[in-house]
Structure formats: structure tokens, C-alpha cells
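What follows is a set of notes on a single structure, which appears directly below.
Numbering (the numbering used here), first residue to last: 1370 to 2057.
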């Protein structure tokens, strides 16, 4: 019965691990030869350069085979190695595939491990096989892995890389105070994270030294202390594959733990899809998003898209609520720090090979933005020591033409669209893109030409009006430029040769436009601005557009989850007898309610509805959520924290959507225990 929704139950332990799926037998149909484009061979080295063991390991033909484990965006069963972070704590973002049998090295025999190898990563990102000697990459994690050194040895020997041990000075494992003997408590979850991190450093920069700095716990303060220790030990490159929700305390933590000029600090953007996380939003770090990386029949030999598996799993991105915007970040839609800056592979379906015997049972395939952060820290190390006073997060912004631009995929619904949707130039999920060599991660502009696009500022046009806007750009080397644009208002286009935007704007709305100019050397520059198309003149008939706005005709006009539209006495209607009741079951559940409607051009449009929220939840955490959207625009988000004793009317201006057919949607998501009911009634979409 519907009344059972309101039953009170003791809260169960929540969100410690992802939902467990039955093990599946994965059959890999053949082995795909990975492309060798960009992989440096011994013959390409400068005259007199010694070909090292690591050079050979990364360029030998037998190392180039790509052992495919899935398709981009494919839902594969994984286990999240760390619990969801409580306030004041961080969670690691490592995910391990559970549908691929883990195998010890002794049982693997002559077969190669599944997942991306060091040679695959070098091929995909056009990385040099030389470089990194004398550089130290630090990994900051929580708790101890007693098998870290021996497991690292197995990883490197399997792929033919030189030994990296404490004895030869390549590997060091210390506590947050720098002790090599008094290490933190062992932890199987964080041990898997640590192996993912140090294996990725070995894969990308096998000549680099590695320091594993282990915090006593996963509290912000302990991890921050470990961060400072990593820098004190001389590391110029520090990777952090962990984070949590933003808080008002983060700007002070910025200064305490992450303000280290001259050090490239990389931070994973998170695995919970669209939404900002800290410390990725720190103004002093490089925020690293995640992609799905697969082979392709193009000149590069690989293709990438935004990693997104579901509405709750994929790379993080978003606009910080607290951290100020760095001077080098120029997107116009977010007034504070925007996440991310760059990206690398993270999708578990196209994941990397990792060896772990303390948190796991040998070879496995891992994913999450926990993979992309150490990859990027190691690319910085290959690029060389940062400028002494620099925050190296700015370097990719100075060399946007030296990155692979990721232009497809999204990690959620957002407004402006670039917060969560990939496109030409900068976007939230992938930043400026993924490494194409190391030039984008070097100081200064000595690596090539610089393209500067003059921002034309915000534009305003009336629907039906003609447009002629000349985009101006300069190239430091005087090279000819080609132009492109994303997000232009409907009816407008840009001339690729001249940069002139022209046409007739046909649809009212607010558009986030990015224009990019690129020269023949691959250097490019971009500018982003807002373009508002007004509805123009003409009359508009006042009307109410929604069918069955008070639900008194049942489901007529609406598409809803079973049981949502009801006259159940468990909740009271605002008017009449029927209403829409989303969630309230006290268990993991999702309810939706939607209706598509066409808003006439030239009209002012207002959406209103009455909302009542009651809950059995307590405390200050938003466990259960209701999101209200109009097309791709999120209008509002409510949670158990907004519960009240009666109905409250909510009103939103939809005039910017005039001339469009949009779907109005209420999406309620309830967690594993303690009910929250979202009750909607007496909706209206009026025009005037």
C-alpha cells in the first residue's frame, strides 16, 4: 500500500560501496593492434642518445597490442575501493572491474594483462619514451599498502620496464611526517588506489622517481599534511586521486595545503558525473577530468569522448561555489573556479591494467578519474620542471593547440551547456582536452605559435534579425587562421576562412558561444561569450499551456512512473483530489513526471507549481533529491533539507525558451533508507 512509504526505519550503512553486480564472464573477441602514431622509436632519437630499456619496452611491436575490455560508456560492473566521503574527509576514486577475473602474475603465464598498457598510453597521448630522468612524482593517498613495492616490481617487469625500488633510489614510501618506518594502518581499499596511482606514473614516466606519501587517515587535515610533506621532500609533481564535496572551509585549505608555486599538483575531478568537487576546484591545482579512450581508424589512431556511464557515474565537472577564478581561466559562464582543466582516460570500460595483491588478487582492470590524475602529473614531469613562481595549471591554457580536443559526450544536464557537455575548445568535463605530446604542459610560449582571439563581448539579437559579427584573431607567427564556433544561435554560422558570423537568428534563447581560431601548426586560441536572442515584437495570446495541470484527469497529458499521479490519502492535494507523489518509499527509488510543451515564439512564459516535501531524514546531508528541468536547463534542485509543513509555490521564467518545444520534467531520486516524499500539484505554464 502507498502508506508504507511513510514507514520509519533505522538508517542502514549507506553508500560505502557501489551496488554489487553478479560476476559476468567477459569474452574478449581477439586482440586489436593499437596504433603506433606518435610512439617514438629508437631511430627517432637524437644522434648519440642511448636507447634505454624503457625506450625498448615502450616501442617494441609486441608491446603495442591493445587488449580491449569494453566500449566507451558501456556499463561494466565495478567495485568502488573507498567509502563515500563524510564531511571533512575525502574518498578515493579508484574503481576495479569485477567482470574480469583477477590473476596473480604466476597464473598469468605468457598472456598479457587486460587493459591499457604503458605502450598504449604513450601511443594514445603521443608521449616521448625519453624524459623524466631526475624528476620525482609524488602520490598522496591515505593509509598503507604493505605490498606496494613488490607489486610495483611485478607491474614494471611484466611490461619490460626497468626496476624501481627503494634500494636503487627510484621508489620511496613514507608517512605524512616523512617516516619510512612508522607507516599508517594498512587498508585494502586505499591499497588498490595506491597501486593504480604508482602504476600509472610508471606507465607514463618510467624514468621518474616515485614517492608514495601515505596519510594517517582520509581526513582533509591528514591528507593536507601529506600534501605538504610531498612538496617538502622535493617533488615538483604531486598527484591526488581523491576528493569530496565542496565546503566553505576550502579556501582556507587552499592556502594551508595546495598553495605551492613551482609545483604541478593534479587532482581528480571525481566519478559522480556532473557536479563540482574539492580539491579539484582549488585555484592552485590542475583539475583532471576523465575520458573514454578507444582505438580508431583516424590519423591519431585513437578517439576519446567524455566518460559518462550513468546520471551518477562519470567524470566530474562544474562551477565552484567557493574558490575564486584564477586569472588564466577565461570562460565566461562561471564567475568562480571552473572544473576541469585537462583530462585523460578514466572510463573503466576502456580502463588500464593494474597489479595489486593487498587490496586485490593480482592483475585487474581499473578506471575512475583516479587513473587520469597520476597520468597527467607524469605528463607534467615529462615536460620538465615548472617555473619557480608558476601554478602550472595555467600551462595548458597557454598551449591549447597542443592538446587533443575532446568534442563529444556529456556527464549530465546543465546550463550553460559547456559545464557538462564537450564541444570545440574549452568545456567542463574535459577542459581543453588530453595530451598531444608534452608541449601543453611546459612553461612559457616557446613551444610554438600563440593564437589570440579577441572576445567580442556579450551579444544581443532579436529573433528574425540579421547578424554580421566579425571575429578578430592574431597569430604570433603570422600564420593563416581557420575559424570554428560552437553554441551559435539557431540560424547563424561562421565563415571558416574569414571568421565572419552571419545569418538570421531564428530562435529566442540564451546561447553560450565559443569561437576558436587555429593555425597550420596546430596552435589555437578561443573566446567564449553569451549571445541572447530576444523574442522580438508581435503579440502573444495569454494562455495556460499544460494539459491536465492539476492531475484531476489522472495521467492524461503526463508521462509518469507508475503510482506517481494518485489520489492516495497518504498525502494531501493542494487543490482537488489528485496530485503527483514522487518517491517516499524509504528505499532506493527513482520517480519521474514529465510533459512536453511548445512555447510560442515572442511570448513571455512562466512555469509555476506547488511543492510539498516531507521526510524522515535528519541531519544536514541531502540524501534524497528532486530535480526540475526544462529541456537541457536545470531550473531547481530540492532535497530532504527543504522539507516543510505545507505547500509552497515555485515560479520560474521560461521566456528564453520561447519558440521551442521543451520537456518539463520532475526527477526524484531516493536513497536506500528513510523516506522523503516530493509532492507536486496545481502546475501551470502561462504565456503573456
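We put the CB at the ideal spot given by N, CA and C, even for glycine.
From residue 1830 to residue 1902, what distance separates their C-alpha atoms?
5 Å
_Assuming the contact rule is C-beta atoms closer than 8 Å, residue 1720 and residue 1711 should be a hit. Round their C-beta distance to whole Å, please._
No, residue 1720 and residue 1711 are not in contact; Cβ-Cβ is about 19 Å, not under 8 Å.
Three CB pairs or more closer than 8 Å across the segment 1598–1605 and the segment 1770–1787 = no
Please state if the CB of residue 1511 and the CB of residue 1610 are separated by a distance shorter than 8 Å.
no
Counting Cβ pairs closer than 8 Å, one from the segment 1631–1644 and one from the segment 1656–1667, do we hit at least three? yes
Query - Residues that DSSP places opposite residue 1828 in a beta bridge - result: 1900
* Return the residue from the list 1922, 1554, 1521, 1591 that minimises the CA-CA distance to residue 1579. => 1521
Taking C-beta to C-beta, are residue 1685 and residue 1718 nearer than 8 Å? no
So, helix, strand or coil for residue 1625, using DSSP?
helix
Looking only at its chain, what residues have a beta carbon closer than 8 Å to the beta carbon of residue 1784, apart from the 5 residues adjacent to it on each side? 2001, 2002, 2003
Tell me, please, whether the segment 2045–2056 touches the segment 1930–1948 by the rule of three or more beta-carbon pairs shorter than 8 Å. yes
I'd like to know whether the C-beta atoms of residue 1799 and residue 1809 end up nearer to each other than 8 Å. no
request  = Check whether the Cβ atoms of residue 2023 and residue 1974 sit closer than 8 Å, and answer yes or no.
outcome  = yes
If residue 1450 and residue 1465 are in contact, beta carbons under 8 Å, what's the gap, nearest whole angstrom? 6 Å
Quiz item: What residues in its chain sit with their C-beta under 6 Å from that of residue 1474, if we drop five residues either side in the sequence?
Solution: 1523
- Any beta strand (DSSP E) of 3 or more consecutive residues that is wholly inside the segment 1917–1975: 1948–1952, 1958–1967
Item to complete: Determine, using beta-carbon pairs with one atom in the segment 1695–1702 and one in the segment 1525–1542, whether at least three such pairs fall under 8 Å.
Response: no
| message | Excluding the 5 residues flanking residue 1793 on each side, which residues of the same chain have their C-beta closer than 7 Å to its C-beta? | response | 1774, 1776, 1853, 1855, 1883, 1885
query = What is the residue span of the alpha helix (DSSP H) that residue 1437 lies within?
reply = Neither: residue 1437 is in no alpha helix (DSSP H) and is coded neither H nor E.
Worksheet item: Can the beta-carbon of residue 1507 be found less than 8 Å from the beta-carbon of residue 1582?
Response: yes
Review point. So, is the C-beta of residue 1501 closer than 8 Å to a C-beta in chain B?
Key: Protein chains in the displayed structure number just one, and chain B is not present.
In this structure, does DSSP put residue 1400 in helix, strand or coil? Caution applies to residue 1400, whose pLDDT of 36 falls short of 50 and renders its modelled position unreliable; the value that the coordinates give is listed next. It is coil, neither helix nor strand.
Does the beta-carbon of residue 1444 have 16 or more other beta-carbons within 10 angstroms, so that it is buried, or is it exposed? exposed
Next item on the list: Would you give the residue range spanned by the beta strand (DSSP E) that residue 1559 belongs to?
Entry: No beta strand (DSSP E) holds residue 1559; the alpha helix (DSSP H) holding it covers 1557–1573.
Report task. Can you give me the Cβ contacts of residue 1429 inside the same chain, cut-off strictly under 8 Å, excluding the 5 residues immediately before and after it? Result -> 1488, 1529
In three-state DSSP terms, what is residue 1881? strand
At a cut of 8 Å, does the segment 1954–1961 reach the segment 2028–2045 through at least three beta carbon pairs?
-> yes
Of the listed residues 1626, 1678, 1551, 2027, nearest to residue 1594 (C-alpha basis) = 1626
For residue 2113, which of 1744, 1472, 1895 has the nearest alpha-carbon?
The requested residue 2113 is not part of the displayed model; the chain covers only 1370 to 2057.
Bridge partners - residue 1688, DSSP secondary structure assignment
1707
Q) From what residue to what residue does the beta strand (DSSP E) around residue 1637 run? A) 1633–1637
Segment contact, 8 Å Cβ cut-off, at least three pairs: the segment 1542–1555 with the segment 1736–1756 = no
**Q.** Neighbourhood of residue 1341 by C-beta, 8 Å cutoff - its chain only, sequence neighbours within 5 removed
**A.** Here the chain comprises residues numbered 1370 to 2057, so residue 1341 is not present and cannot be evaluated.
Inset, instruction - With a cut-off of 8 Å on the beta carbons, I'd call residue 1560 and residue 1591 a contact; round off their distance for me. - result: Wrong, their Cβ atoms sit about 17 Å apart, outside the cutoff.
Q) Do you know offhand how far residue 2027's Cα is from residue 1968's? A) 5 Å
Between which two residues does the alpha helix (DSSP H) carrying residue 1589 extend? 1589–1601
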